[in-house]
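A short write-up of the structure that comes next.
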Amino acid sequence: MGIQEIATVTGLSKSTVSRALRGLPSVAGPTIDQVRRVADELGYVPSSAAAGLATGRQRAVGVVVPVIDRWFYVKALGGVDAELRRAGHDLVLYNLGGPGGDRDRAFRRSMLRHRVDALVLLSLVLDETERAELELTRHPMIVIGGPAPGLRNVGVDDAVVSHLAVRHLVGLGHRDVAYMGGQDEDGMNVAVPYLRHDGFVDALASCGVGPRPDWMVDGRFSFAGGVEAGAALLADPTDRPTAVF
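The C-terminal residue of the sequence shown carries number 1160 in my numbering, and the numbering is unbroken.
Next up, the structure:
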């Protein structure tokens, strides 16, 4: 099933059908809707390779993640994929594999080998070599989560948020505040854990409260880790925090 069959059913020229399938502004909206409806009814599947050769665009976006088995990355990937599908684009996943993963191979080979139109980096901090490798692709890039010097970024200011949260707790009268965070695992190179930790410590200091090292626990960014860290914080019923960040 191809463009010729769609053109026959709709009574349009093959060139108009082609432009409508690509959603070009030179084609009227009702015509685009008609062509896409007929294409769906006929079970037409466009060739992304052919489209890429014709337009120079692959209608695919690469998403780079340090690891895929954590809540944040799963939710972020779901959101990115939903928007890409809505726009008619494919998602190409580059998983760096977390600690022990071959991060260097991913940056030096995988991203340069696959054809994508842009890259989305999820909560990654790039070293100079990695940034240089990505710049070789000449793809537009954006970072979701964490700081991204020199790159466009979508996210929250974790240091500011930490200050707001701690001041809120202290304002409620809490002086015994514990910290349950997640440490940057070896090889992942993500900045958010450091920003939240430093923001927490700085905020306590600004409120005249010193952090207790034994109440600074690692929840490993997982539900199981949170349970273990919580149990450690509450193990001594005579010496427990009254609030947890």
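All residues carry an ideal CB built from backbone N, CA and C; glycine is no exception.
Keep in mind that this is a model prediction, so the values were computed, not measured.
What three-state label does DSSP hand residue i in the structure shown?
i: G1070; result: coil
i: G1125; result: coil
i: Y1109; result: helix
i: L1034; result: strand
i: L1006; result: strand
i: A1144; result: helix
i: A1150; result: coil
i: P945; result: helix
i: L1119; result: helix
i: V950; result: helix
i: R1018; result: helix
i: R1082; result: helix
i: A1063; result: coil
i: I921; result: helix
i: R985; result: coil
i: D1042; result: coil
i: R1001; result: helix
i: R934; result: helix
i: L992; result: helix
i: G1114; result: helix
i: F1136; result: coil
For residue i, count neighbouring Cβ atoms within 10 angstroms of its own Cβ and tell me buried if that reaches 16, exposed if not.
i: L1051; result: exposed
i: L1039; result: buried
i: R1111; result: buried
i: E1045; result: buried
i: D1042; result: exposed
i: D1113; result: exposed
i: A935; result: buried
i: V1075; result: exposed
i: H1069; result: His is not the amino acid found at residue 1069; the sequence shown has Val there. Exposed is the call here.
i: V1142; result: exposed
i: G944; result: exposed
Cutting at 6 Å between CB atoms, please list the residues of its own chain near residue i, excluding the five before and the five after it.
i: M1095; result: V1132, G1134, A1144, V1159
i: D1019; result: none
i: F1136; result: R985, G1097
i: H1140; result: Checking the displayed sequence, the identity of residue 1140 turns out to be Gly instead of His. So the list reads G1134, once near-sequence residues are dropped.
i: G1125; result: none
Please list, in chain order, all residues of the same chain as residue i whose beta carbon is under 8 Å from its beta carbon, the five residues on each side excluded.
i: A1093; result: R1127, W1130, M1131, V1132, L1148, P1156, A1158, V1159, F1160
i: G938; result: I947, G1003
i: P1152; result: none
i: A922; result: S928, K929, T931, V932
Is the separation between the beta-carbon of residue i and that of residue j shorter than 8 Å?
i: T925; j: V953; result: yes
i: A1047; j: S1077; result: no
i: V989; j: L1006; result: no
i: M1056; j: L1034; result: yes
i: V1058; j: L1011; result: no
i: A1106; j: P1062; result: yes
i: A975; j: V1031; result: yes
i: C1122; j: V1071; result: no
i: L957; j: E998; result: no
Residue i bridges to which residues according to DSSP?
i: Y1094; result: M1131
i: G977; result: V1007, L1034
i: V1058; result: L1036, N1068
i: V1159; result: A1093
Could you confirm whether any beta carbon from chain C is found closer than 8 Å to the beta carbon of residue i?
i: W986; result: Among the chains in the structure shown there is no chain C, since it carries only a single protein chain.
What residues in its chain sit with their C-beta under 7 Å from that of residue i, if we drop five residues either side in the sequence?
i: D1073; result: V1107, L1110, R1111, G1114
i: Q949; result: T925
i: V995; result: V978, L1006, V1035
i: I918; result: K929, V932, S933
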